[in-house]
Each structure stands twice: as structure tokens, then as C-alpha cells.
Amino acid sequence: MKLFLAFTVCLQLFTSWTTALDNYVAVPCNGQGVLALAELTVDHINKERTHGYKFSLDRIENVQELKEANGTSTYFLDIDLRETKCYVLNPKALNDCEIRSFKETKVEGDCKVLIETKSGVPGHVKGYKCEISPDSAHDVTEKCPDCAHLMLTNSTAAQHAVEVSLNKFNQESNNQHKFVLHEITRASSKGLGTPVLVEYVIRETPCRKDSEICPLIAIVNPTFGFCVSTVTPVNSTQETIVEICELFHTKATEAVATIAEPEGKGDAAPVVKEEGGSEAPGTDADDGVEHVSPVPNNASASIIVEKSDSIPKRKRSIQDSSESSEETLASTGAQIIHFPDLPEDPTTCPTKHKYPEDQ
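According to mature numbering (1 follows the signal peptide of the UniProt record, and there is no 0), the residues represented by the sequence shown are -20 to -1, 1 to 339, in order.
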């Protein structure tokens, strides 16, 4: 009798769960409305990032719509992103940002997004989860043996390259104030004895170049600079430095106002975790798995980043098993969102890549 009751309860729960999944509708991926929602998501993600680079929409893989009785629709989007070369605080328009190429070890993002819409009200991103990962060194070497590989940004070679190139910038620039390191975003090299390429961000200080006296106050709206430098190895007989720095102003002073040390990263960085406790090679602190909780009562969302060198991306297609399942979207509060794992619209999903895989 107890076994029968247990079976009955399980059957009722399963029936309720499958009925809820039946309420989802697969939406065409190529619609203008869906594209607008995807671009809204990318803009939202880029605005929330305080480290690293901006991302651009690459393709839309799956869209599910859940309509509610009050006229509200919830969209579940599965989209792919590609990393650009624009630093997150750079005010440059996303359309003007160059995409990171395969030869430079491109970085991709696989994002699951939850958006709520209502007639006459702009769409609202309630939550998202992104798996951000660079191409593996094996894949890069296989297709491009002569290409540089990512290296740890805190390695001796990378730190030295930044130090000497920043010194050169401060000596040769026409700026009245000295600049200090804000963060190293990327480092790469072809191996021992070859030049080291570093990308890093610098920040203006109140210290004048022609004075040893430096005020202890911070500049309210400092000038930032994004630098790309190539430096020959430390043990080279004639070290050469080739550097290009683009200076810019940003309105995002809240994200960078509190900085403990000139050589350190801003302490507003998300939590970073990685197996083994080390930072992934050549990538910034945000290039991991981002879990942004749904925002109850318009409260600010928090970010947890779990670092990973190479995160396998699960791609579901209509040919895959149609067995339904759900994935939980991380939440710091009591509210938990279940992301449906359902077949996409077979005629329009996924859309074509905006950027070629080997580009």
C-alpha cells in the first residue's frame, strides 16, 4: 500500500512537471524581436562587467517562450558570444570593436538568458549564466603552429613586459600626470626566447611627471588607457619595446573608484574560483562562468565567477534526444529559476555564425 501511494505521488509530480514543460513554445531564432532581446542581453552583460573585454553576439541557438495569464512573457534564450578587443570601460560603440581572431586565441561565450517582457514595457533581463572559455592550446597549435599561446598574466615574463612598457609610456607621453597599472587583461608568447605580447589597462594618477611629490587624493574622473605592447625576452641583449596605448575617459567611475594598490586589480572584482586555485592563462578575472541571479524587487544582482581554462560546451540540436530536462539558473536568494532544455525551432535555429569559427 505504501509503495502504491509513493508511486501515485511520483506520478502526480511527474505529470505536473511535464505539463509545465508543455507550456513552453519554441520561437524562431531569426525573428527581429528575438534579435532585439539577444542584443539587449549582450548590452546588459557588457554593462555589468568591470574587468576584461566586451562581448558581441555571434549566434542564437534556441529560444523558448513561456506565456503567463497576466500578459507577461518569459523568454529563455541560448546564445553564443565572441570576445572583442574593446576593454569593458572603453566608451567605444560595440559595433566599432574588433573581434578577437582565432590566431590570437579567440574567446567564446555560451549563455543562457532569462528575459521578461510585457506589452508596452521594455524587456528586462532577470538572469543569465555564461560559460566563457578560450580555444584550447591544442586546437590553436593544430591549425596554426606558428601562433602565440596564452600565458599567465602574473608570470614573470608578462609582469616584466608590462613594467618596462609602462615606464616607456610615462617617459615619452605628453601627459602631465603619471599613469599606473590598472589591470593586465591578456598575455601571450610563442615560447621561450620569443617576444611577449601583453594587453593591459593603465589609470591616471594625481602624481605629476616632473615632481616627486604625489598627492594622496584620487582623481575623480581619471583618464584610462588600453595598451598593447610587444617586448623581447628579459635575457635579450638588446630589449626592444613596441607599444600602442589608446587613452579614453569613462563615466563608470563607480566601478573603478576604489583601488587598493596601483599594481593591483580593483577590489570590486567578482569572486573567482578555479580548480587548483590558480588563474587561467592569459585571461582576465571575469573570463569564467558568470552566474547572475534573477533580480527580485529590483535589487542589484551579484556575480560569481568560476574560472575554467576550457569549459565543454553542450550543444543541443533537434536530432538529439527529445527527452525534456531542466537546468537551474543560479540564484543567491530563495528564488530559483529552472532553464528548460527543450528542442529548438528546427527551421530557424541555430542561426548562422556572425563571425566565422576560424576567423
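Just so you know, even glycine gets a beta-carbon here, dropped at the ideal spot from N, CA and C.
Given 8 Å, three or more beta-carbon pairs between the segment 87 to 107 and the segment 43 to 59: yes
Separation of residue 53 from residue 122, as counted between CA atoms: Counting from 1 along the sequence shown, the entry for residue 122 is found at position 142. Counting from 1 along the sequence shown, the entry for residue 53 is found at position 73. Spanning the two alpha carbons is a distance of roughly 45 Å.
Rounded C-alpha distance that separates residue 336 from residue 186: The count along the sequence shown starts at 1 and reaches residue 336 at position 356. The count along the sequence shown starts at 1 and reaches residue 186 at position 206. Going from the Cα of residue 336 to the Cα of residue 186 covers about 44 Å.
Residue environment, residue 173, which counts as buried when at least 16 other CB atoms sit within 10 Å: On the sequence shown, position 193 is the one that residue 173 refers to. The residue in question, residue 173, is exposed, as its Cβ has fewer than 16 Cβ neighbours within 10 Å.
Cβ separation of residue 29 and residue 68, assumed to be a contact under 8 Å, to the nearest whole Å: Position 49 of the sequence shown, counting from 1, holds the residue named residue 29. Position 88 of the sequence shown, counting from 1, holds the residue named residue 68. The Cβ separation is near 5 Å, so the contact holds.
Local conformation of residue 146 per DSSP, three classes: For this step, residue 146 is matched to residue 166 along the sequence shown. Residue 146: helix per DSSP, three-state reduction.
Proximity of residue 8 and residue 325 at Cβ, strictly below 8 Å: To locate residue 8, count along the sequence shown from 1; it is residue 28. To locate residue 325, count along the sequence shown from 1; it is residue 345. Result yes, Cβ atoms of residue 8 and residue 325 sit closer than 8 Å.
The segment 72 to 79 contacting the segment 99 to 113, beta-carbon criterion three pairs below 8 Å: no
Beta-carbon proximity of residue 132 to residue 141, cut-off 8 Å: Position 152 of the sequence shown, counting from 1, holds the residue named residue 132. Position 161 of the sequence shown, counting from 1, holds the residue named residue 141. Contact: no.
Beta-bridge partners of residue 6, as assigned by DSSP: Within the sequence shown, residue 6 is the residue found at index 26, counting from 1. Partner(s): 44.
Pair within 8 Å by beta-carbon distance, residue 219 and residue 210: One-based indexing of the sequence shown puts residue 219 at position 239. One-based indexing of the sequence shown puts residue 210 at position 230. No. Outside cutoff.
Span separating the alpha-carbon of residue 99 from that of residue 51: The residue labelled residue 99 in the question sits at position 119 within the sequence shown. The residue labelled residue 51 in the question sits at position 71 within the sequence shown. For residue 99 and residue 51, the distance between alpha carbons rounds to 7 Å.
Contiguous beta strand (DSSP E) assignments of at least 3 residues, all confined to the segment 173 to 236: 176 to 188, 204 to 211 and 221 to 228
Which of helix, strand or coil DSSP assigns to residue 103: Working through the sequence shown from its first residue, we reach residue 103 at position 123. Residue state, collapsed to three classes: strand.
Per-residue burial, residue 85 [other beta carbons within 10 Å of its own, 16 or more giving buried]: Sequence index remark: in the sequence shown, residue 85 carries index 105 (1-based). Counting Cβ neighbours within 10 Å, residue 85 comes out buried, since at least 16 surround it.
Buried versus exposed, by CB contacts within 10 Å (16 or more), residue 75: The residue you call residue 75 lines up with position 95 of the sequence shown. Result: exposed.
Contiguous alpha helix (DSSP H) assignments of at least 4 residues, all confined to the segment 3 to 87: 12 to 28
C-alpha gap between residue 151 and residue 227, whole angstroms: Within the sequence shown, numbered from 1, the residue matching residue 151 stands at position 171. Within the sequence shown, numbered from 1, the residue matching residue 227 stands at position 247. Cα to Cα, the separation comes out at about 16 Å.
Closest by C-alpha distance to residue 156, when choosing among 188, 171 and 179: The residue labelled residue 156 in the question sits at position 176 within the sequence shown. For residue 156, the nearest C-alpha among the options comes from 188.
Counted within 10 angstroms of its Cβ, other Cβ atoms place residue 126 as buried (16 or more) or exposed: Walking along the sequence shown from the start, residue 126 turns up at place 146. The residue in question, residue 126, is exposed, as its Cβ has fewer than 16 Cβ neighbours within 10 Å.
Through-space distance from residue 48 to residue 182, alpha-carbon basis: Taking the sequence shown and counting its residues from 1, one reaches residue 182 at position 202. Taking the sequence shown and counting its residues from 1, one reaches residue 48 at position 68. Those two C-alpha atoms are separated by around 48 Å.
Beta-carbon proximity of residue 33 to residue 65, cut-off 8 Å: Position 53 of the sequence shown holds residue 33. Position 85 of the sequence shown holds residue 65. Yes, they are a contact pair.
Local Cβ density within 10 Å of residue 109, reported as buried at 16 or more and exposed below that: Against the sequence shown, residue 109 aligns to sequence position 129. Buried, because 16 or more other Cβ atoms sit within 10 Å of the Cβ of residue 109.
Bounding residues of the beta strand (DSSP E) (the contiguous stretch that carries residue 167): As a position in the sequence shown, residue 167 is number 187, starting the count at 1. Counting along the chain, the beta strand (DSSP E) containing residue 167 begins and ends at 157 to 169.
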